[in-house]
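Numbering (the numbering used here), first residue to last: -13 to 300.
All C-beta atoms, glycine included, are put in the ideal place defined by N, C-alpha and C.
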Amino acid sequence: MAAFNEQLLHDKIPTIFELIAEDSMSQALRPAIRHVTKIVISSLPSISRLSRYIDEICLVIEGLAQGLFLWRCNATISEKFYDLERYSCNAYKMRQTLKSLAIMLFVPYALAKIEKWYLLLSEESEFVPLEQSRSNLKQSFKYYGFSSIPYIFTLWRAVKFIFQLLYLCRYSLYYSPELFMSRVQLVRKIEPFTPDNGTKHTSNVLKKGVQYVGPLFLFLLKFIEWWYSGERQGAVKKFRSLPNPQPPPLATPEINPYTCPLCQKERKNPTALSCSGYVFCYVCIYNHVKNHHTCPVTLFPAVENQLIRIFVQN
């Protein structure tokens, strides 16, 4: 009996091409959810402040959708689309579902946050090299963390490649490290044969309809994302083609023209805010715009894309 079950499980193991297709669809769902959420938030001014928490909102939306599919179908959305399901020896379905859901959500979320932090530090290091700013424990942590992030991502990609190679050579039943951490395997869903009836025919029609509508829905989401991206690029080009604004009047002799209006000290890495024309320290104006979304002098609405860095030669 054990040998029969082992042979049955072996016949249900999907090929690596099926899993690559499923993984590609799973990775395409996250940016689609993010883009739709961003459009909804931007179209409702009353909830525009939630844009700073868009990563967490998308995490909750994806968690609810994937959790529902895991509980009812024992598969994620993309796995259900390719007629795959999760196989585990764990008898506690609730515990296994929560474990799979947590790993599936928080591993990509943590990697995305690390990548965003790395890009932010890359911009700051263009003006203040991190190796020159290790004056305290916090700066030292930034320096060593910034230096180790590329190695972390390289190691993660290498581990995923090793899992895929072992799966391809049939040395492992786990296609990815996430499945290994969840202790679940992806297998083909083979439904038992039942006599045909009206209900079965209706369910088959609905299933085929979902199979055709699903790719069309994803295509429409990607098209909307591309369309809005094109409009954004056109708006940026139009903004850059506008004539330069008139310079502000000269400051009075009592005011030092090289002083930052925020910190009242000599400017470091001068950065202009295009909506008002005032010049600040990069760190000062970046933190202010990020938190308050206004110019600190004129109170004009401002966004981070309006920061223009000025290169001054001594």
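Buried or exposed by the 16-neighbour rule on C-beta atoms within 10 Å, applied to residue i
i	result
A96	exposed
Y244	exposed
N255	buried
Q250	exposed
S28	exposed
Y161	buried
P282	buried
E101	exposed
L259	buried
L141	exposed
L30	exposed
For residue j and residue i, the rounded distance between their alpha carbons
i	j	result
V46	R295	36 Å
C270	L285	15 Å
L154	F67	22 Å
E4	G53	22 Å
S158	V289	49 Å
P0	R174	6 Å
S134	C44	28 Å
R81	K(-2)	24 Å
E252	S32	38 Å
L107	Y137	16 Å
L15	L50	14 Å
P17	P229	35 Å
M11	R20	15 Å
V298	R143	41 Å
P234	N242	15 Å
R35	R156	50 Å
D69	C75	20 Å
E8	K99	24 Å
Q327	N291	Because residue 327 is not part of the residues shown, which for the chain are -13 to 300, the question remains open.
L172	K276	43 Å
V26	W103	26 Å
Q13	Y130	30 Å
V93	F139	12 Å
K79	V22	32 Å
CB contact flag (residue i, residue j, <8 Å)
i	j	result
C246	C267	yes
L329	Y272	The question about residue 329 has no answer here: the residues shown for the chain are numbered -13 through 300.
S86	V170	yes
F166	F149	yes
I40	K24	yes
I89	S168	yes
E42	L91	no
L248	H274	yes
Own chain partners of residue i with C-beta closer than 7 Å, once the 5 adjacent residues on each side are dropped
i	result
N60	E71 and R72
F179	Any reading at F179 must be qualified, since the residue scores a pLDDT of 48, below 50, and its modelled position is unreliable; no value is offered.
T280	F286, P287 and A288
Residue(s) in a DSSP beta bridge with residue i
i	result
R72	L172
P256	C267
T325	What the structure shows of the chain is the stretch from -13 to 300, and residue 325 is not part of that stretch, so it cannot be assessed.
T245	E252
L293	L259
Neighbourhood of residue i by C-beta, 6 Å cutoff - its chain only, sequence neighbours within 5 removed
i	result
T62	Q52 and F55
T83	L56 and W57
Same chain, Cβ closer than 8 Å to residue i, neighbours up to 5 away in sequence not counted
i	result
V145	P163
T257	V265, F266, C267, Y268, I271, Y272, L293, I294, R295 and I296
I2	Q150, Y153, L154 and Y161
L105	none
F147	none
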